[in-house]
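The letter at position 27 of the sequence shown is residue 27 when you use the UniProt record's numbering, and the numbering goes up by one with no holes. Even for Gly, the Cβ is constructed at its ideal location relative to N, Cα and C. Just below is one structure, and these are the notes that go with it.
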Amino acid sequence: MALVICNRQARRGLTLEPQIQTNNLRDQALMILKSRLISGELVPGEIYSAASLANELGVSNSPVREAMLTLVNQGLMETVRNRGFRVIPVRRKQLEDIYDVRMLLEIPSIRKLAEIPDTVRKVEPDLRQIIRELRRCSEESDIVGYLTADKQFHLQLLGLLNNPYLVSTVENLRDQVRQYGVSAKEVLSRSAIEHENILDAIIEGNPSKAAELMRLHVHQLVSDFSGTNNTSA
């Protein structure tokens, strides 16, 4: 069974909930709930029950509850006894702390990758394909698709350093940020170009340039996010 859900936001030109064709209902529910967090349809501070959301999605309570518990573990929701799950408002300080750690981990990593461009060239076609997917998603305002490709790009690059702890740590940090700020089409398009520029610098074997582009990329993510109304002080 597959969930095929259309978000009400789609009528305003945003593609936020993908038509998922896998068979894992928990993963499908998780993706849909994350898309609603990104769109703001699941409102920070509001309480939602697994039963009501499951009814809306046309599935049993179990996969939706499991998905919501995953969001609790990722720090995006909290349980409210006998009521359901509350969406946790993201505080600007929390966001800045997360991106500070990402900078500490990813900037030196990108520098290292630019020191071994031959290794990166072996998977360059795959990375270029991901960038094309980023561009497609930006043109179609497909936020969830964009975030999926964005995550794949960064983690695949980091994976070339053969440090699974680095990859899992960065993946966990990314899961703790809703990234509301990427909803605007122009933001998506600019970010796609930033990814391409970072890869170009790595392939060129220019560590300083690659590291600086990565720093600017992460800094811009903070600015995009902080410029929305979805954070509190």
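Beta carbon of residue i nearer than 8 Å to that of residue j
i: residue 57; j: residue 64; result: yes
i: residue 203; j: residue 124; result: yes
i: residue 103; j: residue 218; result: yes
i: residue 76; j: residue 109; result: no
i: residue 149; j: residue 133; result: yes
i: residue 106; j: residue 214; result: yes
i: residue 211; j: residue 111; result: yes
i: residue 131; j: residue 196; result: yes
Closest residue to residue i among the options (Cα-Cα distance)
i: residue 36; options: 61, 60, 67; result: 67
i: residue 47; options: 83, 168, 164, 28; result: 83
i: residue 95; options: 153, 176, 208, 188; result: 176
i: residue 155; options: 113, 188, 138, 212; result: 113
i: residue 189; options: 163, 159, 221, 108; result: 221
i: residue 161; options: 196, 120, 134; result: 120
i: residue 207; options: 101, 117, 97; result: 117
i: residue 127; options: 86, 174, 211, 192; result: 192
i: residue 45; options: 88, 73, 76; result: 88
i: residue 115; options: 216, 55, 209; result: 209
i: residue 266; options: 194, 92, 41, 143; result: Any question about residue 266 goes unanswered here, given that the chain covers just 1 to 233.
i: residue 141; options: 51, 27, 38, 24; result: 38
i: residue 60; options: 131, 144, 122, 24; result: 24
N- and C-terminal bounds of the beta strand (DSSP E) containing residue i
i: residue 80; result: 77-80
Three-state secondary structure (DSSP) of residue i
i: residue 83; result: coil
i: residue 22; result: Summary for residue 22: the model assigns pLDDT 42, below 50, so the residue's position carries little reliability; its value from the coordinates is reported in the next sentence. Reduced to three states, the DSSP call for residue 22 is coil.
i: residue 47; result: strand
i: residue 181; result: Low per-residue confidence applies at residue 181: pLDDT is 47, beneath 50, and the placement is therefore not dependable enough to give any value.
i: residue 222; result: helix
Residue i, enclosing alpha helix (DSSP H) - first and last residue
i: residue 98; result: 92-115
i: residue 206; result: Counting along the chain, residue 206 falls outside any alpha helix (DSSP H), and DSSP gives it neither H nor E.
i: residue 175; result: 164-175
i: residue 123; result: Run containing residue 123: none; DSSP gives neither H nor E here.
i: residue 66; result: 61-73
i: residue 143; result: 143-159
Beta carbon proximity, residue i to chain C, threshold 8 Å
i: residue 76; result: Among the protein chains of the structure shown there is no chain C, as only one such chain exists.
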